[in-house]
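As you go down the protein sequences, you meet chains A and B in turn. Under our numbering, the residue at position 371 of the first sequence is numbered 371, and the numbers go up by one with no gaps. Counting from 1 along the second sequence, just add 1000 to a position and that's the residue number in our numbering. I have placed the structure first, in the form of structure tokens, so that the comments after it can refer back to it.
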Amino acid sequence: MRFKSTYWFSLSLLLFFIHPLFANQVLSPNPTVTNPFVEVAPENVVAKDLPNNSGKVLQVSWNFPDTLPIMPRTIKIYRYEHDTISKHIADVTPNVKSFLDTSVMNGIPYRYSVQAEYPTGIVGGLISEPAIAKAEWFDRSKINLFVIALILVSFILGYIFYSEKGQRLFIRKIAGIQAIEEAVGRATEMGKPVLFVPGTQDMDNVQTIAGLTILSSVAKMTAKYETKLDVPVSRSITMSTGRETVHEAYLAAGRPDLYSDDIVHYITDEQFGFVAAIDGIMVRDRPAACIYMGAFFAESLILAETGNGIGAIQIAGTAMPTQLPFFVAACDYTLIGEELFAASAYLSGDKRSIASLKGQDMGKAFAIVLIAVTALFSTLSVITGNEFFTNISTFLLNLTISK
Amino acid sequence: MFFLTLLLLLLLGSVGLAFFIRPLRKFFPLLLTLFTGLLLVVALFIPAQPFPKLEEEFSMWFDVIAVFSFILGGGNLLRVHLMKIQQKKRDWQYSIVTVTGFVIVLVIGLFKVGSKNWSDPYLAQGTAFKWMYDAVFVPLQATIFSLLAFFVASAAFRAFRAKTREATILLVAAFIILIGRTPVGVWLTSWLPNPLQFFHIPNLSTWILSVPNMAGQRAIMIGIALGIISTSLKMILGIERSWLGGDES
């Protein structure tokens, strides 16, 4: 009896002292090593926070030889919170070398264990150092974008302040914009309406906004010349904004009596339903001038060709590069890309808007210089193989590529 | 959440004040545009919450507004066409077709005619709406879309008349690209030796698309991007306010 108690006491004491040696294994779920010469365990398990994000994500990575004597069935990933509770979070295929854990909380340390499951058993169980997910307050991968945006905004604001001092700024003539008044005049002489289509997109598209700013100037002209204006729209919010724009333009022209809510009318959100309705309006009402300003897709050519068919003078403007060739082919004048955004400044004659165009031009000059310098250094780098040129061209290329 | 609540309060407050005080009717929308615009620009560079959430929330708000405004659009459509029918204006018969179509589709869609359960989507198999969509809407849409084939031909015929130097270049480039995309293009110049492979029509066609065409498109894209930045900045700063109906009042 005495021997038995001494035996149990000594065993307990021994276990008490040696238990830290097994601590890691206790944390690890079933760390069975069956045959270390055949089954290879994942090594170098590293957990880390990813930069430039809102946190709540940790990356776990591990090393695993590309060629294995036996392929494991799966890789099991376990997560430890506060070093005590283990949770099986995912199984991944053996060829995967990292895993993004998106179910973590910010500010809590997590450790990970990665194990390989073979037909004969499970190997591995090394536990990573703790990693903490945290949110960043500035996305450093966008610093190039930030700097370029800052330069462009400085150019635009600089010119606006410059114009405020009373400096006159010259802008080149754009034939398409000058033709708008000519088109409205032609419609007046012929006693026919002017059709204005502000694209097929909603007010969250900047091209629609640009289209409506041009509509404001067109509406002032039609009010002045007492010409009928017809503005079919494909979005309800565009209808509300368009009505407000035309109403104010008629007020500004001193002809509120000519304004009617029916000038701007809703047709349908459906692309081809909208086109069919406008084609019908064109064929029935035969407007003398058709103006398309905004975002267009496949409907561009259908509209422009129908307008051409009825012999209307057509002016189009869009920033959709794929639709520009169609408008160029079928319309009398086309505002290409940036000219659509310049049109309202040009038509309104507002000095601050014109100043912003000058700022835009400076931005273009900056882009041209940047492209030319990058091309020069890239060419020199290829021809000479010089490390200095390569470094500069790589830097310039990285500067312009947003990650 | 704090930002969203603040914004909502600002929005409600401005609507309320602008309702009673006429001079504020443009000031508050401008203030709101400035605040929202700057917030969304800042959100692009700050990954920490609530900024990424703000972008999602704002586009959701837009959808909510769009849903309500659809009633406005539908109402306007009905009003315009009913007035036309009542006053027997020119081509008023077409308005009957429009109004009838609108009402039939609306009723069938709202009451889910032919649907077994109310919880089924309105485009579920077996519903009258689905039948109308497949048997009427899709063929009509395809018909209008297929008009493009004829319009492309007529527009190309006009555009490719070699009247000027530029039109001639356009004609030659278009001809090479068209031929280069067909088996004839491959067959015509397949005999060319290796050093002259650049002049093989499919290669020439690819070169035109990926070098001069791409360069032109990129130049246009840079201009568009600058135009968008400038227009957005003008709106945020309240320089461009024609979307508010101008600054005359």
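Just so it is clear, CB atoms sit at the ideal spot from N, CA and C, and this is done for glycine as well.
Asked	Found
Closest by C-alpha distance to residue 209 of chain A, when choosing among A/342, A/380 and A/391	A/342
Backbone secondary structure at residue 186 of chain A - three-state DSSP	helix
With 16 other Cβ atoms within 10 Å as the buried cut-off, status of residue 1056 of chain B	exposed
Nearest neighbour of residue 312 of chain A, chosen from A/301, A/291 and A/103 [CA to CA]	A/291
Residue 1230 of chain B versus residue 371 of chain A: straight-line alpha-carbon distance, rounded	21 Å
Cβ pair residue 359 of chain A, residue 166 of chain A closer than 8 Å	no
Same chain only: Cβ atoms within 6 Å of residue 187 of chain A, ignoring 5 sequence neighbours per side	194, 227, 288 and 289
Residues in the stretch 1147-1165 of chain B having any Cβ partner in chain A nearer than 9 Å	1147, 1148, 1150, 1151, 1152, 1154, 1155, 1156, 1158, 1159 and 1160
Helix, strand or coil at residue 309 of chain A according to DSSP, with G and I counted as helix	helix
Contacts around residue 65 of chain A, its chain only, beta-carbon distance under 8 Å, and the 5 residues preceding and following it disregarded	40
DSSP bridge partner residues for residue 81 of chain A (one or two, in chain order)	A/85 and A/110
Beta carbon of residue 1188 of chain B nearer than 8 Å to that of residue 1201 of chain B	yes
DSSP state of residue 62 of chain A mapped onto helix, strand, coil	strand
Cβ-based neighbour list, residue 336 of chain A, same chain, cut-off 7 Å, excluding 5 preceding and 5 following	324
Check whether residue 229 of chain A and residue 180 of chain A have beta carbons under 8 Å apart	no
Between the CA atoms of residue 148 of chain A and residue 373 of chain A - distance to the nearest angstrom	16 Å
CB contact flag (residue 61 of chain A, residue 113 of chain A, <8 Å)	no
Stretch-stretch touch, CB-based, cutoff 8 Å, three pairs: the stretch 1049-1065 of chain B with the stretch 209-218 of chain A	no
Length of the line joining the Cα atoms of residue 1128 of chain B and residue 1175 of chain B	48 Å
Interface partners of residue 239 of chain A on chain B, CB under 9 Å	1069, 1072, 1073 and 1076
Sufficient close CB pairs (3 or more, under 8 Å) joining the stretch 1038-1046 of chain B to the stretch 234-248 of chain A	no
Residue-level contact to chain D via CB, residue 262 of chain A, 8 Å cutoff	No chain D is present in this structure, whose protein chains are A and B.
Endpoints, the beta strand (DSSP E) within which residue 49 of chain A is located	43-49
Cα-Cα separation between residue 132 of chain A and residue 103 of chain A, rounded to whole angstroms	12 Å
Minimum Cβ-Cβ distance from residue 1238 of chain B to chain A less than 8 Å	no
Beta-carbon proximity check, residue 197 of chain A vs residue 303 of chain A, cutoff 8 Å	yes
Residues that DSSP places opposite residue 124 of chain A in a beta bridge	A/115
Cα-Cα separation between residue 267 of chain A and residue 136 of chain A, rounded to whole angstroms	46 Å
Every unbroken alpha helix (DSSP H) inside the stretch 135-195 of chain A [4 residues or more]	143-164 and 175-190
Residue(s) in a DSSP beta bridge with residue 91 of chain A	A/76
Separation of residue 1026 of chain B from residue 243 of chain A, as counted between CA atoms	16 Å
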